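Just below is one structure, and these are the notes that go with it.
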Amino acid sequence: MNKTSLKSGLLLLAALLVFAGCSSVYDARAALNKGGWQQIVSDTRDMNAFPERDQTLVLNYRAHAKMAMGYYDSSREDFLRAWNIMNHGKGGGVSSAYFFSERQKWWMGDPYERAFNSWYLGMLYFEDNNREDAMACFRNSIFVDTGDLEKGEYAADWLPPFLMRVRCYLDRGDKDGAKMLLDEINRLPKEPANFDPQCPWFNLESQVESNTVMMIELGQGPYFTAGGHHGSVRQINQGEYSESFAEVFVDGQSLGQAYKIGDTFYQAITRGGRVMDDILKGKAIAKTAGIATGAAAMHVGRVLMTSGGSKGTKTAGAITLGVGAAVLLASLLMNAEADTRGDVLLPGETHLMMANLPPGEHKVEVRYFDNLGRELRNMRQTDIPLTVPEKGDASLLVRSNPQYQVPASDDWRAMDPYANLKK
Numbered sequence: 390m391n392k393t394s395l396k397s398g399l400l401l402l403a404a405l406l407v408f409a410g411c412s413s414v415y416d417a418r419a420a421l422n423k424g425g426w427q428q429i430v431s432d433t434r435d436m437n438a439f440p441e442r443d444q445t446l447v448l449n450y451r452a453h454a455k456m457a458m459g460y461y462d463s464s465r466e467d468f469l470r471a472w473n474i475m476n477h478g479k480g481g482g483v484s485s486a487y488f489f490s491e492r493q494k495w496w497m498g499d500p501y502e503r504a505f506n507s508w509y510l511g512m513l514y515f516e517d518n519n520r521e522d523a524m525a526c527f528r529n530s531i532f533v534d535t536g537d538l539e540k541g542e543y544a545a546d547w548l549p550p551f552l553m554r555v556r557c558y559l560d561r562g563d564k565d566g567a568k569m570l571l572d573e574i575n576r577l578p579k580e581p582a583n584f585d586p587q588c589p590w591f592n593l594e595s596q597v598e599s600n601t602v603m604m605i606e607l608g609q610g611p612y613f614t615a616g617g618h619h620g621s622v623r624q625i626n627q628g629e630y631s632e633s634f635a636e637v638f639v640d641g642q643s644l645g646q647a648y649k650i651g652d653t654f655y656q657a658i659t660r661g662g663r664v665m666d667d668i669l670k671g672k673a674i675a676k677t678a679g680i681a682t683g684a685a686a687m688h689v690g691r692v693l694m695t696s697g698g699s700k701g702t703k704t705a706g707a708i709t710l711g712v713g714a715a716v717l718l719a720s721l722l723m724n725a726e727a728d729t730r731g732d733v734l735l736p737g738e739t740h741l742m743m744a745n746l747p748p749g750e751h752k753v754e755v756r757y758f759d760n761l762g763r764e765l766r767n768m769r770q771t772d773i774p775l776t777v778p779e780k781g782d783a784s785l786l787v788r789s790n791p792q793y794q795v796p797a798s799d800d801w802r803a804m805d806p807y808a809n810l811k812k
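Per this note's numbering, the sequence shown starts with residue 390, numbered consecutively.
In C-alpha cells form, the structure reads like this:
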C-alpha cells in the first residue's frame, strides 16, 4: 500500500463516516416555522420515507401536528402506533450504536417524552368520551415517568396525568380513587419550578365541584445539543419563549389566571442519567487515544520504510504502518457523539384552569402575558368552542404559540388530514 492510496482510503472512509453519522432526523421545528402544523402533516405523509430508526419520533411529530389541526381520530391512531413501539418494542440498532453513531438506535424517547405521548393519547380518548382507555393512558404516563424507587430514583411528579386520572375516577363515581391520587399530589415536594403549589384544585372538594377542565400549553419545550469531548455529552437546553401565564374568559367573563401544573424542561433535567452516557464517555476517550496511537504508529512505520535500513527493517515498517492505519481507521469510524434527537414540538409548560359551567355551548377566550404582566396580543385566542355536557366533563386543550385549532364538530375530528392534499 503506497502513501497516496492509503491517504485516499482514509479520506473516503472519513467522508462515509460523516455521511452516516451526521445525517439528521426530520427538522420538525424548521418545518413548523416554515408552514405551520400543516407543513408537518404534509411532510410526514409517507412514513417509509424516513429511516426506520427515526420513525417513532416522526410518528409523534405527525400525531402532534394532526392533533393541533383538530384531526383527533387520525392523530389518535398515530399516537397509539408510536405508543406501542415506545412501550412494547425493543427497538433496534443498539449493537451498532456501541461503536458507530448513537443515532443508529431506534428513537424510543426519554421518560418525559414517553409520558407526553401517553398523556396526549389519553387526552384524545378523553375527548372521545372513552374514559377507560383514557384512564389507562394517564396511568401509563405516570408509570413511565417513575424511576426505580428501590434505587432511590425519581418518583413521578408531572401532574397533568395525575389530574386527568382524577377526572376519570370522578366520572365513574369513584371518589376514593380520586382522593388517593390527590393525596399523592399533595405529598410531592412543592417545587415552584415544576408546578404552582398555590393551585386551588389539589383537593377533592374543588374537583367534585368542577365540570370543566382546560389544559393550556405555553412556549417551546427543551431540545438537545452535543457538547464536550467529541460531542459525547448530551446537553439539555431550555426552549425560549416570552409567555409566562394565561388568563381565561368564558362568554366574556374572566375565570382568572390559570395555574402551572407542569414544566417540561424541569422534567427533562430531573429524569436521571442514561446508561449510554457512560458508554459515550468511554468511546470519546478511546477515540482520542486510538487516533493518537494510530497516527504515531503510521509515522514510525513510514520512518522505518524510508530509513534506508535492511529489508527486515522495511518489512517491520510496512507492518507498523498497516497496523497504525487500521487503528486510525477504526478510531475515525468510532462515533462518540451523543444522540440529540428529541421531540422538539412539546410545549414548555402546561397550565390548568378548572370551572363549573352551565351545560350547553360556550365561547372561550385565552389571553397570554409575559412575566411583567403585559399581554402578548398576537397570541390572544378567541371564540374557542366548548360544549359542556349535562353529565360528565368538558375538556379543552389549547396552546399559546403555535396555536392549536379546536374542532367544532365530530366531522372535523374524524376528517382525513390528507383528503385535500395532492399525492
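Backbone N, C-alpha and C define an ideal beta-carbon position, used for all residues, glycine too. Here the structure is a predicted model, which means the values were calculated and not measured.
Opposing strand residues paired with residue i [DSSP bridges]
i, result
"residue 774", "752"
"residue 785", "603"
"residue 612", "626"
"residue 758", "634, 764"
"residue 645", "637"
Host beta strand (DSSP E) of residue i (start-end)
i, result
"residue 742", "738–744"
"residue 638", "634–639"
Proximity below 7 Å, CB of residue i to CB of residue j
i, j, result
"residue 610", "residue 653", "yes"
"residue 605", "residue 567", "no"
"residue 738", "residue 638", "no"
"residue 535", "residue 545", "yes"
"residue 635", "residue 509", "no"
"residue 614", "residue 744", "no"
"residue 734", "residue 417", "yes"
"residue 513", "residue 470", "no"
"residue 420", "residue 427", "no"
"residue 782", "residue 556", "yes"
"residue 630", "residue 582", "no"
"residue 623", "residue 727", "yes"
"residue 772", "residue 752", "yes"
7 Å Cβ cutoff, residue i in contact with chain B
i, result
"residue 633", "Among the protein chains of the structure shown there is no chain B, as only one such chain exists."
Where the alpha helix (DSSP H) through residue i begins and ends
i, result
"residue 596", "593–598"
"residue 652", "Element bounds for residue 652: not the alpha helix (DSSP H) but the beta strand (DSSP E), 648–652."
"residue 795", "Where residue 795 is concerned, there is no enclosing alpha helix (DSSP H), given that its DSSP letter is neither H nor E."
"residue 564", "564–576"
"residue 467", "461–477"
"residue 553", "548–560"
"residue 414", "Where residue 414 is concerned, there is no enclosing alpha helix (DSSP H), given that its DSSP letter is neither H nor E."
"residue 456", "444–457"
"residue 524", "520–533"
Contact belief for residue i with residue j at Cβ below 8 Å, rounded distance in angstroms
i, j, result
"residue 633", "residue 759", "5 Å"
"residue 425", "residue 791", "6 Å"
"residue 607", "residue 571", "Contact doesn't hold; Cβ gap of about 24 Å is too wide."
"residue 785", "residue 775", "6 Å"
"residue 330", "residue 749", "Here the chain has residues from 390 to 812 only, and residue 330 is not among them."
Proximal residues to residue i (C-beta, below 8 Å), its chain only, five neighbours per side dropped
i, result
"residue 650", "548, 549, 552, 584, 585, 588, 739, 740, 741"
"residue 436", "444, 447, 448, 451"
"residue 788", "457, 605, 606, 607, 736"
Proximal residues to residue i (C-beta, below 6 Å), its chain only, five neighbours per side dropped
i, result
"residue 804", "460"
"residue 801", "459"
"residue 527", "511, 550, 553, 554"
"residue 657", "501, 611, 625"
"residue 503", "475, 533"
"residue 531", "545, 550"
Proximal residues to residue i (C-beta, below 7 Å), its chain only, five neighbours per side dropped
i, result
"residue 559", "567, 596, 597"
"residue 575", "591"
"residue 430", "451, 454, 455, 458, 806"
"residue 472", "506, 507, 510"
"residue 414", "443, 446, 730"
Heavy atom of the ligand FMN within 6 Å of residue i beta-carbon
i, result
"residue 468", "No copy of the ligand FMN occurs in the structure displayed, which carries no ligand at all."
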